[in-house]
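Here's the structure we're looking at; comments come further down.
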Amino acid sequence: MRWPSQSGEVFLLAGLCLYVLVVGVMPLGRLLIEALRPGEDGQAFGILFDVWQSRAAPRALGNTMIASVGATMVSLLIGGLGAAVLHLTDIRGRTALGFLLLLPMLIPPQISALAWIELTGPSSPLLRLAGLAPPPGTANPLYSMGGIIWVMGLEHAPLVMLATLTSLRALPRDLVEAASVSGARRTAILWRIVLPLARPGLLAGGALAFVAAIGNFGVPALLGIPGRVTVLTTLIYQRLTGFGPSALAQVASLSLVLVLLAAAGLLLRWLLLRRTSYLDRTGQPLDPFALGRFRLPMECVVWLLVLLISVLPLLALIASALVPALGVRLSVATLSLDNFGFLFSNAALRRAFTNSFLLAGAAALISALASFILGYLTTVRRNALARLLDLLADAPYAVPGTVLALGVIMVFLPPLPVFGVSLYGTAWIILVAYLARFLPLALRPVAASYATMDPALDEAGQILGARVPRRLVQLSLPSVLPATIAGALLVFMSAFNELTLSALLWSTGTETLGVMVFFLQYEGNSPAASALATVVVAVTLAVALLLEVTARRFAPSASLL
Amino acid sequence: MDQITLRQINKRFGNTAVLQDVTLSVEPSTFLALLGPSGCGKTTLLRLIAGLERPTSGEIEIAGRVVAGPDHWVETEARKLGMVFQSYALWPHMSVAENVGFGLSVRGMHGRERAARVEAALAMVGLEGLGSRRPPELSGGQRQRTALARCLVTEPELILLDEPLANLDPHLRESMQAEFRRIHRKTGTTFVFVTHDQAEAMALADRVAVMNAGRIEQLGTPQELYGQPATRMVAEFFGKGVVLPVDVAARLDDRTRRVSLGGVTLDLPGVAAVGAAQLSLRPENVVPAAAGLRPHLVGRVVDTSFRGADHLVTLALEQFGGKTIGLGMAAAPEPGARVDLAVTGGWVLPA
């Protein structure tokens, strides 16, 4: 029997439906239902009311709002200035500067937080070298709301910078020249032409930074828990680890607010970006403004600040990893690699390396393959169902990771139908969460690559009688392979050092590197935590470098800058 | 005093020489076209006058003031110009009235006075009452008019236009040409506009500078360029026709030469020296030869197309390697038919 010629496409669609709907959409739907369940006395939305009548929840919400708004302000300031310096001035070394400014985004939040702790605390090896450390016994000044705002603000500043750069790059040179011809001087041009046109991008980036801050777990976990500043994500974590799955319905109600806040931020972003669509993207890009005699002083200030916020914390992290034990003064004599040796002698840490490598690798492969097929069906075949799946695939990435993890637990805690075993407590549940969470990261570069491919290439193959699988492999793959690889690397990089999901899903035997950094620091073994973080950062930056080289050469849409 | 004077302008981008020894002066109230193929440097020349690029060497004077030179530099914003960009460069975050009023507001003019000037400029270009529109809501022609109003409102003595009609459809282009002529007459402002379209240059300008490979080939009125091209490039680029090799046998007077065209001796206007030269023939310089007389040229019909009043007949000149010339004829001959031609005019230019 011959299969009907459409069957290849039908199978592919069925597989993608399984992926996107079961792994991504079902957990979110289930969470919504649980959160809105009636209370024990049968009152409609009872659980929601109960939770929000407690004292802890509104206080955590208040803290989440203060921390997120504050961090967004920091991100707007640093990201906006960074974009302006990179695109509007002629200072030297702008490419290097751009990558240094992106660095905080590449480093996972828990490691950024750890690095800042090691930089500013009373046992800070760097500050002690300089004789500036706070006296022993005093609390680290970053264990506070201010610390959370600062570190989260830095972590998300690249989001603002990239969004602003996109706006500035879409600003044609003509518009500035026309203002010059009209008699406007540089300041007038900056305030009346450049700023108004860059503002939607700046604010849209701010909205993105706000959404990221709402869902951030790593920073408030490392800074807020010791500082007794509880935000919604850490409250959910503490409730769930304290009470176990019995608290699921309760924390689901807490997480609903996270979803609403994130949705509000994304809606704002959408409204802002909708207004910029008419900018002409074909004109020549802006020439940078010459700073003249102010260039050298400006360069000194900018480089100093960038080194301070991007490089110094990492140096503190490395220094702290080289100290033999907490509190020992760093010098050539005390320098030691023992902490790195510990990483490979400890069984749990060895497991964590294996787990994170395998989980991140599997997530990267599977999501890249799914993106390759979904992108084909959406962009080349313009299949309506595939386009719906493409839209839905964004949801698990748009909501805070904590929310997704809760939904995944709810769906996969009961034994699976047919197999009769539960995924909860195994590494599979973490993989499921990664697949849901990181699919959009692979999908975006692949879709952008498909968009530049002429659909007639595929249609020509179809006319010559080639079926979908052959067309996919022989006609589409060569065009989109670089973007697919870039997407896979992006997924690997994000999953490899991820904490938010695995913090809620791990169990003994399925530790991830993110979890181990968190626990080592929690146990007070910050030299070991720093050593582990140093290794994770090194792997992450190596992958990022590989990604950037691949992207620059073959798939510009996946390039970081 | 000239409106613009360019002396020995050179412009290099890296190792590429874009302009070479360009010298030019433009009298006030001129409508000057910078005409040439793409890459000839015409837009760069316009941008140099605007101050958007700096010359590598040479001097630029606007209204008697040196604005660019070895020791002089006047920024664009201080040159008091108007400019219409090819993309129109309307600021998308401002209304039409705000776009037009921008130049007045940077000059410190506000309130009623500015509103009145803006309204007058909009009326001048036929956009009365559209001041509150946003650029994305305008048609192509309206955007063009807005860009023009934005120039006119500050009453500059010099307006630069960079391919202003290139983005309009052909029908709109003609009505905008008429509009440019009217506004030029009315304001008496000097217009310098860049175009690659010789018909547009012919229709609009009273002076045309034909540019090629970074140099000015010829500067003159459209009539001079058409009737007395100085170089082969001008003859071929400006107007229709064909350029054929000839030998100048004798100089009959200042502007008449005896030439040999494929063995036929003719007396024709021109300035070339004795020896090898070229003959620029326009379509109206040849007519079908009277029967019985020796033809000056022999053509074969390669194509005919009906134009309404007559047929455009394209003839390949067999003696000259198949070069073609178009000829209006009342009846269309069959393709491949022989047509004998007589030369009634032309211009003999140096080889």
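Note that the protein sequences, when read in sequence, are chains A and B.
Counting with UniProt numbering, you get residues 1 to 561 for the letters of the first sequence.
Counting with UniProt numbering, you get residues 1 to 351 for the letters of the second sequence.
Note that beta-carbon positions come from the ideal geometry of N, C-alpha and C, so glycine has one too.
Predicted, not measured: the structure shown is a model, and the values here were computed from it.
Looking at the structure shown, is Met-383(A) part of a helix, part of a strand, or coil, going by DSSP? Within the first sequence, residue 383(A) is the residue found at index 383, counting from 1. Rather than Met, the amino acid found at residue 383(A) in this sequence is Asn. Here Asn-383(A) sits in coil by DSSP.
For Asp-90(A), the nearest candidate out of Arg-381(A), Phe-294(A), Ile-33(A) and Ser-331(A) (CA to CA): Within the first sequence, residue 90(A) is the residue found at index 90, counting from 1. Per the C-alpha coordinates, the member of Arg-381(A), Phe-294(A), Ile-33(A) and Ser-331(A) positioned closest to Asp-90(A) is Phe-294(A).
Between the Cα of Ser-280(B) and the Cα atoms of Gln-228(B), Arg-134(B), Ala-149(B) and Glu-61(B), which residue gives the shortest distance? The count along the second sequence starts at 1 and reaches residue 280(B) at position 280. Of the candidates Gln-228(B), Arg-134(B), Ala-149(B) and Glu-61(B), the one whose C-alpha sits nearest the C-alpha of Ser-280(B) is Gln-228(B).
In the DSSP assignment, find the unbroken alpha helix (DSSP H) run with Lys-323(B) in it and report its ends. Walking along the second sequence from the start, residue 323(B) turns up at place 323. No alpha helix (DSSP H) holds Lys-323(B); the beta strand (DSSP E) holding it covers 323-329.
Using the beta-carbon of each residue, which ones in chain B are nearer than 7 angstroms to Arg-185(A)? Reading the first sequence from its first residue, position 185 is the one you call residue 185(A). Those within 7 angstroms of Arg-185(A) in chain B are Glu-77.
Only counting the same chain, and skipping five residues up and downstream in sequence, which positions put a Cβ closer than 6 angstroms to that of Ala-384(A)? What you label residue 384(A) is simply residue 384 of the first sequence in a count that begins at 1. If you ignore the 5 residues before and after Ala-384(A), its C-beta comes within less than 6 angstroms of no other C-beta in its own chain.
Can you name the start and end residues of the alpha helix (DSSP H) that Asp-253(B) belongs to? Numbered from 1 along the second sequence, position 253 holds the residue referred to as residue 253(B). Careful: Asp-253(B) lies outside any alpha helix (DSSP H), inside the beta strand (DSSP E) at 242-253.
Quick check: what's the CA-CA separation for Met-1(A) versus Gly-8(A)? For the purposes of this step, residue 1(A) is identified with residue 1 of the first sequence, where counting begins at 1. For the purposes of this step, residue 8(A) is identified with residue 8 of the first sequence, where counting begins at 1. With a pLDDT of only 40 at Met-1(A), under the threshold of 50, the placement of this residue in the model should not be trusted; the figure read from the coordinates follows. The straight-line gap from Cα to Cα measures roughly 15 angstroms.
DSSP state of Lys-42(B), grouped into three classes? In the second sequence, residue 42(B) corresponds to position 42, counting from 1. In the three-state DSSP reduction, Lys-42(B) falls in the helix class (H, G or I).
Does Val-243(B) pass the burial test, meaning 16 or more other C-beta atoms within 10 Å, or should it be called exposed? Residue numbering aside, residue 243(B) sits at position 243 when the second sequence is read from its first letter. Val-243(B) comes out buried.
Beta carbon proximity, Ser-180(A) to chain B, threshold 8 angstroms: Within the first sequence, the letter at position 180 stands for residue 180(A). Yes, because at least one Cβ of chain B sits closer than 8 angstroms to the Cβ of Ser-180(A).
Can you list, in chain order, the residues of the stretch 92-118 of chain B whose Cβ is nearer than 7 angstroms to any Cβ on chain A? Pro-92, His-93, Phe-102, Gly-103, Val-106 and Arg-107
Through-space distance from Met-298(A) to Leu-122(B), alpha-carbon basis: Here the question's residue 122(B) lines up with position 122 in the second sequence. Here the question's residue 298(A) lines up with position 298 in the first sequence. When rounded, the distance between both Cα atoms is 43 angstroms.
Considering only residues of the same chain and omitting the five flanking positions on each side of Tyr-376(A), which have a CB-CB separation below 7 angstroms? Numbered from its first residue, the first sequence carries residue 376(A) at position 376. Same-chain partners within the cutoff: Tyr-450, Leu-472 and Ser-476.
Counted within 10 angstroms of its Cβ, other Cβ atoms place Gln-284(A) as buried (16 or more) or exposed: Counted from its first residue, the first sequence places residue 284(A) at position 284. Result: exposed.
Look at the alpha carbon of Pro-415(A) and the alpha carbon of Met-26(A), and state the distance between them as a whole number of angstroms. As a working mapping, residue 415(A) is identified with position 415 in the first sequence. As a working mapping, residue 26(A) is identified with position 26 in the first sequence. Each residue's Cα considered, the two are about 16 angstroms apart.
Please confirm whether Val-194(B) and Thr-16(B) have their CB atoms less than 8 angstroms apart. Numbered from 1 along the second sequence, position 194 holds the residue referred to as residue 194(B). Numbered from 1 along the second sequence, position 16 holds the residue referred to as residue 16(B). Not in contact: Val-194(B) and Thr-16(B) (Cβ atoms no closer than 8 angstroms).
Quick one: what's got a C-beta closer than 7 angstroms to Gly-215(A)'s C-beta in the same chain, skipping five residues either side? Here residue 215(A) refers to the residue found at position 215 when the first sequence is read from its first residue. Once the five neighbours on either side are set aside, the close Cβ partners of Gly-215(A) are Thr-233, Leu-258, Ala-262, Pro-400, Gly-401 and Thr-402.
Of all the CB atoms in chain A, is at least one closer than 8 angstroms to the CB of Ser-132(B)? Indexing the second sequence from 1 puts residue 132(B) at position 132. No, Ser-132(B) does not count as interfacial toward chain A.
Is the beta carbon of Ala-363(A) closer than 8 angstroms to that of Val-181(A)? Here residue 181(A) is taken as the residue at index 181 of the first sequence, counted from 1. Here residue 363(A) is taken as the residue at index 363 of the first sequence, counted from 1. It is not a contact, given that the beta carbons lie outside the stated cut-off.
Using the beta-carbon count (16 or more within 10 Å), is Gln-223(B) buried or exposed? Within the second sequence, the letter at position 223 stands for residue 223(B). It counts as exposed.
Anyone know if the C-beta pair for Gly-103(B) and Arg-65(B) falls short of 8 angstroms? In the second sequence, counting from the first residue as 1, residue 103(B) sits at position 103. In the second sequence, counting from the first residue as 1, residue 65(B) sits at position 65. Not closer than 8 angstroms, so no.
To the nearest angstrom, report how far apart Ile-117(A) and Leu-312(A) are at their CA atoms. As a working note, residue 117(A) is residue 117 in the first sequence. As a working note, residue 312(A) is residue 312 in the first sequence. The straight-line gap from Cα to Cα measures roughly 12 angstroms.
Exposed or buried, which one is Arg-470(A) when buried takes at least 16 other CB atoms within 10 Å? The count along the first sequence starts at 1 and reaches residue 470(A) at position 470. Result: exposed.
For the structure I just gave you, are there three or more beta carbon pairs, one from the stretch 129-146 of chain A and one from the stretch 215-232 of chain A, closer than 8 angstroms? Short answer: they touch.
Cutoff 6 angstroms; reference Pro-164(B); Cβ partners in own chain excluding five residues on either side: Within the second sequence, the letter at position 164 stands for residue 164(B). Cβ within range, chain order: Val-84.
How about Val-219(A) and Ile-148(A): do their beta carbons lie closer than 8 angstroms? Along the first sequence, read from residue 1 onward, the residue named residue 219(A) stands at position 219. Along the first sequence, read from residue 1 onward, the residue named residue 148(A) stands at position 148. Yes; because the gap between Cβ atoms is below 8 angstroms, this pair is in contact.
Starting from the Cα of Ala-116(B), find the closest Cα among His-311(B), Ala-337(B) and Ala-97(B) and give me that residue. Taking the second sequence and counting its residues from 1, one reaches residue 116(B) at position 116. Here the closest residue by C-alpha is Ala-97(B).
Would the stretch 419-430 of chain A count as touching the stretch 499-512 of chain A if we require 3 or more Cβ pairs under 8 angstroms? yes
Identify whether Lys-11(B) lies in helix, strand or coil by the three-state DSSP scheme. Along the second sequence, read from residue 1 onward, the residue named residue 11(B) stands at position 11. Lys-11(B): strand per DSSP, three-state reduction.
In or out: Cys-40(B) buried (at least 16 other Cβ within 10 Å) or exposed? One-based indexing of the second sequence puts residue 40(B) at position 40. Under this definition Cys-40(B) is a buried residue.
Spatial neighbours of Met-1(B) within its chain, please: CB distance less than 6 angstroms, with the 5 preceding and 5 following residues excluded, ordered by chain position. Sequence index remark: in the second sequence, residue 1(B) carries index 1 (1-based). Within the same chain, Met-1(B) has close Cβ partners Gly-64.
How is Arg-286(A) classed by DSSP in three states: helix, strand or coil? The residue labelled residue 286(A) in the question sits at position 286 within the first sequence. Position check: residue 286(A) holds Leu in this sequence, whereas Arg was assumed. If DSSP states are grouped into helix, strand and coil, Leu-286(A) belongs with coil.
For Met-83(B), go through chain A and note every residue whose CB falls closer than 8 angstroms to its CB, in chain order. In the second sequence, counting from the first residue as 1, residue 83(B) sits at position 83. Chain A residues near Met-83(B): Glu-177, Ala-178 and Val-181.
Could you tell me the distance, in whole angstroms, from the CA atom of Phe-353(A) to the CA atom of Leu-171(A)? Within the first sequence, residue 353(A) is the residue found at index 353, counting from 1. Within the first sequence, residue 171(A) is the residue found at index 171, counting from 1. Their backbone Cα atoms lie some 45 angstroms apart in a straight line.
Return the bridge partner residues of Trp-73(B) from the DSSP annotation. Taking the first residue of the second sequence as 1, we reach residue 73(B) at position 73. In the DSSP output, where bridge partners are listed per residue, Trp-73(B) has Ala-68(B).
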